[in-house]
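Enquirer: My numbering puts the first residue of the sequence shown at 1492, with every later residue one more than the last.
Heads up, the beta-carbon is just placed ideally off N, CA and C, and yes, glycines get one too.
Take this structure, written in C-alpha cells, and hold onto it; I'll ask about it next.
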Amino acid sequence: MADALSFLEEDLTCLMCCDVFTDPVTLKCSHSLCEKCLQCFWTTRDVPQCPVGRKECSHDEPTKSLAFRALCESFKKRKPTAVSGDVCPEHKEALKLFCFEDQQPICVVCYTSKKHENHKCSPVDEAAGNLKDDLKTQMDRLHETLADLKKAQENCVKQAELIKEHTSMDENQIKEEFEKLHQFLRDEEEKHIRSLHKEIKLLDEKLKTRMKELSAQISDLSENMAAVWQDMEEENITFLQNYSDTVKRLQHPSVPNTTPELQEHQHYPIQTMIFTTWARMQNLVEQPPVTLDPDTASNKLLVSEDYTSVEYLEMKIIMYDNPERLYVGVLASQGFSSGVHCWDVEVRDNDHWTLGVVGETVNRKRLYKMDPKSHFWCLRYVNGTYKKGNKPVSDIDSNERPNIIRLQLDYDEGELIFTEPLRNRILCTYTGGFPERVFPYFCTGDVDTPLNVFPANKQKL
C-alpha cells in the first residue's frame, strides 16, 4: 500500500514545489503545476512561459480540472501529515527544499520569495543525500587524521619510554663513571697519606737517634763538670798535681744542629700533589675523539650504550623520526670546522662498511651521492671491493684486509686521509678542502661484525 501511494505521489507532484498539487492547472504543453506556483513563477518573468519546458504561453492558457483537483485533495487526506518540524513556521507549508546559501530547509513560498532569490536550492531528500555524502567524505578524512594522531601519540609514548630508558641508562653510567673517579681519588689519597706517614716515620727515627746521642753527651758533660767541681775542692797541692787532668775535662763538646732534620719536612707539598693528581686524572678520563650520536642512527643501526660501537640489525627498530636522523648510517656527536682530528675504527671481518665525513647540511632523509660535490668524503668496502666514494680503488690489496682503519682529518689543510696503522700504509686521500662543518660518518651492513670506534693513540694494534 505504501509503495502504491509513493508511486501515485510521483504523478501528483508539482515539479516546482515538489509537493502534491494544490489547485492544479494544466498548460497547452500538457505540463501541470500548482496555480500558485505558476503565478509566482510568472511574476519573475517578463513573458509567461512554462516553468518545465520553457515554452511561451498566455495568461489565459491555464485550464483547471475539477476531477484532477479532487484526486489531489483525496490523496492528501490519505497521505500521512507532516510533523510540525517539517512545516515552514512562516508560511505553514511543507519544507520541501533546502537552501544551500542559508543552510536551512525552506518551503516553496520561501523559494519564490526575494529572500531566497537566485539561491541554490534542491529537494530535501536530494540535498540530504548529497550533504551526507560530503560529510561521509569528510569523516573518512577525519578517520585518517585520527589514525595519524593515534600513531603520533603512540610514537610519543614510545619516545617517552625510550627517553625514560635512556635516562636510567645514562644515570647508571654517570654513577659508574663518577665511582671510578671517586675510587681513583680515594686511591690517590691513601697513597699520599702512606707517603706522608713513611716520611714522618723516617724523620722520627732520625730525631730519636739524635736525641739518644744528645742524652749521652749531656750525661758525659754533667759527670765531667761534677768531677771538676770536686777537683777544685781538693787541697792546693793535690789540685795542682791533678790540674792537667782537670783541664782535659773542660773540653767543650760540639753541639749538633738539628735544623736540617726539621727542614726535611716543613709541610707536605699539597699544591704539587694536587697538580700531579689532576694530571693523572686527565689521562684517566680522556675521551675518544669521536662518539656516536644515537639520535642520528638510521632504523637498522643499533648504537652501544657507551656510544663507541654500532651494529647492523636485519629488523627495523621503531624510532622517533627526528630531523637529525639519517636515512642510512650514523654520525658522530662531534662536528669539526677547524684543527686536526684522528680516530680509529675497528672493522675486522666486516664485509660491508662505509667510513668518512659528511657535510652538516646534507639531506638526511634520502640516499646520498657519495662524492665531494655532495659534501660526502668516504671509503667503502662492499662485497670484497674497496671504493673511494663510488669509484673502485685498485691499489688496495683485498687479500690484506685491515682490521683497523685510521681517519686523519686536517680541516685547515682541507685533507682527509684513510690509513692502515698496522702496516703503516695509506688507503686513500681526499684533498681540496671542506666548504662547511663536517661530521664523522659510519655505516655497516654486516649483521655479524659491528664497527668499534677508538682514540687513535689508545688502540692496541
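For G1924, name the three-state secondary structure that DSSP assigns.
Expert: coil
Enquirer: Quick check on DSSP: helix, strand or coil for I1917?
Expert: strand
Enquirer: Can you give, in chain order, each stretch of the beta strand (DSSP E) that sits fully within the region 1795-1835 and has at least 3 residues?
Expert: 1800-1803
Enquirer: In the DSSP assignment, what residue or residues form a beta bridge with Y1932?
Expert: For Y1932, which the question treats as bridged, DSSP gives the partners L1822 and G1847.
Enquirer: Can you confirm whether the region 1828-1847 touches the region 1789-1796 when touching is taken to mean that 3 or more C-beta pairs between the two stretches lie within less than 8 Å?
Expert: no
Enquirer: What are the partner residues of Y1859, as DSSP defines its beta bridges?
Expert: Paired residues: none, contrary to the question.
Enquirer: If we ignore side chains and look at the alpha-carbon of each, how far apart do G1850 and T1628 end up?
Expert: 45 Å
Enquirer: Please classify C1601 as buried or exposed, where buried requires at least 16 neighbouring CB atoms within 10 angstroms.
Expert: Classification of C1601: buried, given that the 10 Å Cβ count is 16 or more.
Enquirer: Pick from D1537, I1654 and D1695: whose alpha carbon is nearest that of D1786?
Expert: I1654
Enquirer: Can you tell me the Cα-Cα spacing of C1531 and D1639, whole angstroms?
Expert: 53 Å
Enquirer: Quick check on the burial criterion: 16 or more other C-beta atoms within 10 angstroms. Buried or exposed for S1565?
Expert: exposed
Enquirer: Considering only DSSP beta bridges, list what Q1664 is partnered with.
Expert: In DSSP, Q1664 forms no bridge with anything.
Enquirer: Can you find at least 3 beta carbon pairs, one from the region 1810-1822 and one from the region 1872-1884, that sit closer than 8 Å?
Expert: no
Enquirer: Is it true that the CB of A1823 sits closer than 8 Å to the CB of T1852?
Expert: no
Enquirer: Is D1616 buried or exposed, if buried means 16 or more other CB atoms sit within 10 Å of its CB?
Expert: Using a 10 angstroms sphere on the CB of D1616, the tally of other CB atoms stays under 16, which defines it as exposed.
Enquirer: Tell me, please, which residues DSSP counts as bridged to W1533.
Expert: Its beta-bridge partners do not exist; DSSP assigns none.
Enquirer: What is the C-beta distance between H1688 and M1764, in whole angstroms, given that I count them as a contact (C-beta under 8 Å)?
Expert: Their Cβ separation, rounded to whole angstroms, is 14 Å, which puts H1688 and M1764 out of contact at 8 Å.
Enquirer: Taking just the CA atoms, how far does S1549 sit from T1504?
Expert: 23 Å
Enquirer: Taking the alpha carbon of L1907 as the point to measure from, which residue in N1854, F1512, D1514 and P1863 has its own alpha carbon closest?
Expert: P1863
Enquirer: Please classify H1743 as buried or exposed, where buried requires at least 16 neighbouring CB atoms within 10 angstroms.
Expert: So H1743 ends up on the exposed side.
Enquirer: Could you tell me if W1769 is buried or exposed, where buried requires 16 or more neighbouring beta carbons within 10 angstroms of its beta carbon?
Expert: exposed
Enquirer: Quick one: residues in its chain with C-beta nearer than 7 Å to the C-beta of A1618, no 5 flanking neighbours on either side, listed in chain order?
Expert: F1589
Enquirer: Helix, strand or coil for C1528, going by three-state DSSP, please let me know.
Expert: helix
Enquirer: Might you give, ordered along the chain, the residues of its own chain that have their beta carbon closer than 6 Å to the beta carbon of M1806, omitting 5 neighbours on each side?
Expert: none
Enquirer: Just reading off the beta strand (DSSP E) that L1898 is part of, what are its end residues?
Expert: Annotation: the continuous beta strand (DSSP E) that includes L1898 extends over I1895 to D1901.
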